[in-house]
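This report refers to the structure that appears directly beneath it.
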Amino acid sequence: MKTIVILGGGFTGLSLANELKDKYKIILIDKNEEVGGMCQSFKWNDIPLDLGPHKIFSIIPGIMDKFREICPDMLEHEKKNSIHLKGKNFDFPLKITQFAFKMNPYHTFRLGIDFLKAQLKNNKEARTYEEYLKQGFGKYGYNLIFRDYAPKLWGEPTDLSEEIARRRIPVPDLKGLLGLSKEAKKKVSAEKFLYPLKGIGEICDNLKNNLKGKVTIITEAKINQIIVNDNQIKKIILKDSVLNPDFVVSTIPLHELIESLNPAKIIINEANRLKYKHLFVSFLLLNKEKAMEDHWRFFPEKDICFNRVAEYKNFNPNVFPSDKTIISAEVTFESEEDLDAVQNRIIHHLKKIGLIKPRELLDYTQKVLKNVYPIYDLTFRHRLKIIYHHLDQINNLITIGRAGCFNYNNMDHCLDMALTAKDFIDSGKNKKEWVEIRKRFDEYKIID
């Protein structure tokens, strides 16, 4: 029986192990104490919480059926989210009547005029985040909605590739954002989504249960070195053992994989120059029935430190006391931060916008997640090309997953990658064919 080693035990790795477990000898290794990655839930004040808001939704054929197979017990929600602009909350996608009624007429006028100007321009092909969104929304619309959001989440808009805007903001222009284009509205937002009864971690818990007795899982595993001979991985040397795989699938960050392969210095340098933003999530217990009606709310303006707030009671009210609720606020960061200062800013800004009133805050806790958001700067494609040129010489290795592909994935994309990898392994196709197959991963778009 062929031995397949999966590097990384997040949702992608667990999903692949689940698909392969009956046909191959599977060894899954993870550096953490627990598998699950970002797809975990934890209990605080005896209430299950996720590491940021998650939803189960996909437009990829077959993926929703697979989610239901993994986790049959899920709640169906009519999704409600909003965007906070100029001190007011607007439904997302924006509704033109609501926007015109609630927004200052000056802003509405400028938005329309600048959008028309942008459409009349003979624009060159956009290279940056800023250029792409100015072409689609006009200068005023870009400044109002998108300009300040970029530094909060990824970096300076002139230093970011247009690809992050094209893939992360799934409407190309103002008509789509206002719901005036049926096709754009269909693609921008999930009207309904599913959510596991016990939190998003139930997905990975069910996968782990499926793997018992069939898959070897090694946690707290440190990869010392991966030995390659004749374009094949022959050995994976761990701290306490040596693995001899026939095939390897990596879902770990590319820079960690490259480091373990010990290639030429130029390859290591390029991998280390791939940038990520880390995520600080503050969870706040409030002494009130509910803070907002939304599942989550976006905050694109720079005078508010967090980029998104979620209310977990709106995902499953049955696990909450009637008179208490918990919200989370997310702040991204790239280098070392004074986390106490970040927490204090979050509380101050939540009070500033009225989500927390005096004496409502009972308690708070925090989680820090590393390497969450890949930064699509102007050089990332060039770096990936160099990295993949090296990895593609290794015939029994493929990479999938958010970290494994430096890809801006949602959960459905991760599951689709796992299913695609399973089909490739079963088919016995060669590495050149995989290089063509994975191009589809670059076509994923985020559906909010």
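Taken in order, the sequence shown gives residues 283 to 730; the numbers are from the working numbering.
Quick reminder that beta carbons are idealized off the backbone N, C-alpha and C, glycines included.
Review point. Does the distance from the CB of residue 665 to the CB of residue 553 come in under 9 Å?
Key: yes
Review point. Cβ of residue 598 within 9 Å of Cβ of residue 483?
Key: no
Check your understanding: By DSSP, does residue 389 sit in helix, in strand, or in coil?
Key -> helix
Review point. How many Å lie between residue 745 and residue 309 at the Cα?
Key: Nothing in the structure corresponds to residue 745, since the chain is present only between 283 and 730.
Exercise for review: Return yes when the Cβ of residue 475 is within less than 9 Å of the Cβ of residue 337, no when it is not.
Suggested key: yes
Review point. Which value, in whole angstroms, describes the spacing of the CA atoms of residue 425 and residue 392?
Key: 11 Å
Point to revise | Whole-angstrom distance between residue 536 and residue 685, CA atom to CA atom | key: The straight-line gap from Cα to Cα measures roughly 7 Å.
Check your understanding: To which residues of the same chain is residue 286 closer than 8 Å at the C-beta, ignoring the five residues directly before and after it?
Key -> 302, 306, 307, 308, 309, 527, 528, 529, 530, 531 and 707
Review point. Taking the continuous beta strand (DSSP E) assigned at residue 356, which residues delimit it?
Key: 356 to 360
Point to revise | Contacts around residue 360, its chain only, beta-carbon distance under 6 Å, and the 5 residues preceding and following it disregarded | key: 474
**Study point:** Own chain partners of residue 435 with C-beta closer than 6 Å, once the 5 adjacent residues on each side are dropped
**Key:** Beyond the five residues adjoining it in sequence on each side, residue 435 comes within less than 6 Å, by CB distance, of 589 and 614 in the same chain, given in chain order.
Review point. So what does residue 270 bridge to, in DSSP terms?
Key: Since the first residue of the chain shown is 283 and the last is 730, residue 270 is not available in this structure.
Point to revise | Beta carbon of residue 713 nearer than 9 Å to that of residue 682 | key: no
**Study point:** Three-state secondary structure assigned by DSSP to residue 712
**Key:** coil
Check your understanding: Within this structure, are the beta carbons of residue 493 and residue 299 separated by less than 9 Å?
Key -> yes
Exercise for review: Given a cut-off of 9 Å, decide if residue 649 and residue 563 are closer than it, judged by their beta-carbon atoms.
Suggested key: yes
Review point. What's the gap between the Cα of residue 555 and the Cα of residue 688?
Key: 12 Å
Check your understanding: Are three or more beta carbon pairs between the stretch 630 to 647 and the stretch 561 to 575 nearer than 8 Å?
Key -> yes
Review point. Which of helix, strand or coil does DSSP assign to residue 661?
Key: coil
Exercise for review: Assign residue 506 to one of three DSSP states: helix, strand, or coil.
Suggested key: strand
Practice item. Check residue 592 in the structure and name its three-state DSSP category. Key: strand
Exercise for review: For residue 514, name the three-state secondary structure that DSSP assigns.
Suggested key: strand
Exercise for review: Identify, in the order they occur along the chain, each residue of the same chain with its Cβ nearer than 6 Å to the Cβ of residue 355, setting aside the five sequence neighbours on each side.
Suggested key: 479
Point to revise | residue 366 - containing beta strand (DSSP E), residue span | key: 363 to 367
Exercise for review: With a 10 Å radius around its C-beta and 16 neighbouring C-beta atoms as the bar for buried, classify residue 692 as buried or exposed.
Suggested key: buried
Check your understanding: Do the stretch 609 to 623 and the stretch 357 to 374 make contact, defined as three or more Cβ pairs closer than 8 Å?
Key -> no
Check your understanding: Tell me the DSSP bridge mates of residue 613?
Key -> 562
Review point. Taking three-plus beta-carbon pairs below 8 Å as touching, is the stretch 640 to 649 in contact with the stretch 575 to 593?
Key: no
Check your understanding: Using the C-alpha atoms, what's the distance from residue 501 back to residue 318?
Key -> 11 Å
Review point. Can you name the start and end residues of the beta strand (DSSP E) that residue 370 belongs to?
Key: 370 to 373
Practice item. Starting from residue 448, follow the beta strand (DSSP E) in both directions and report where the run begins and ends. Key: First-last for residue 448: 444 to 450, but that is the alpha helix (DSSP H), not the beta strand (DSSP E).
Review point. For residue 602, which residues from the same chain have a beta carbon less than 8 Å from its beta carbon, with the 5 sequence-adjacent residues on both sides left out?
Key: 329, 594, 595 and 608
**Study point:** Candidates 387, 314 and 373, of which the one nearest residue 574 by Cα
**Key:** 373
Check your understanding: So residue 659 packs on residue 415, CB below 8 Å; how close in whole Å?
Key -> Beta-carbon to beta-carbon, residue 659 and residue 415 are separated by about 16 Å, too far to satisfy the 8 Å threshold.
Review point. Relative to the alpha-carbon of residue 315, which residue among 290, 612, 385 and 449 has its alpha-carbon at the smallest distance?
Key: 290
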